[in-house]
Amino acid sequence: MALLYSERWSETVDASHSKYVFSDRVKAGHVLHVHTCFAHAPERAANDIIKLGVRNGATDVLIRARGGSIAKEGMSALQDFFAGEHDRVFAYFPDSDNGNTIELHIIGCLKTLDEWRATVE
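With the numbering used here applied, the sequence shown corresponds to residues 5 to 125, in that order.
Put into structure tokens, the structure is as follows:
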């Protein structure tokens, strides 16, 4: 049975901050089907960059990136996507300043690998 997954992560940037916000790791034996993913930075300045992706070990898989006034305070992934076991979804705000709040919001379904395989066969 797939479980509804709805989480939010929020951090405040300081001088030592990586400017990434990460989700929790997907549990072993599971796949996260992300239906909606949104990166939010309320204090974001014009022309700043926002990136959404999945970190698989040491590899970042970019889902979407935007810059300039188009992204404004946030950006969504536009399409659903999957994160496999032990992966983490991330939002990256490379131009964030000290004191800025950066957030990642995810809504999706957490499925076992067997449940996921049954839906793709």
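Virtual Cβ for every residue (Gly too), placed ideally from N, Cα, C.
These figures come from a predicted structure and were not determined experimentally.
(1) Return helix, strand or coil for L82, following the three-state DSSP convention.
(2) Would H39 and G88 qualify as a contact pair, given that the criterion is a beta-carbon distance under 8 Å?
(3) In this structure, what does DSSP give as the bridge partners for K115?
(4) Since I believe E11 is in contact with T105 (beta carbons under 8 Å), could you give me their beta-carbon distance rounded to a whole number of angstroms?
(5) Can you tell me whether DSSP reads G48 as helix, strand or coil?
(6) Please say whether H90 and A32 have beta carbons closer to each other than 8 Å?
(7) Between the Cα of S20 and those of D101, I67 and L108, spot the shortest distance and give me the residue it belongs to.
(8) Just the C-alpha distance for Q172 and L108, rounded to the nearest angstrom, thanks.
(9) Would you decide whether R59 is buried or exposed? Buried here means 16 or more other CB atoms lie within 10 Å of its CB.
(10) If you draw a straight line from the C-alpha of K130 to the C-alpha of T123, how long is it?
(11) Looking at the unbroken beta strand (DSSP E) that takes in G71, where does it start and where does it end?
Walking through what the data contain:
(1) coil
(2) no
(3) V35
(4) With a Cβ gap of about 16 Å, T105 and E11 do not count as contacting.
(5) According to the sequence shown, residue 48 is Arg rather than Gly. Coil, per DSSP.
(6) yes
(7) D101
(8) With the chain represented from 5 up to 125, any question about residue 172 goes unanswered, as that position is not in the structure.
(9) buried
(10) The structure shown has nothing for residue 130, since the chain only spans 5 to 125.
(11) Per DSSP, G71 belongs to no beta strand (DSSP E) and is neither H nor E.
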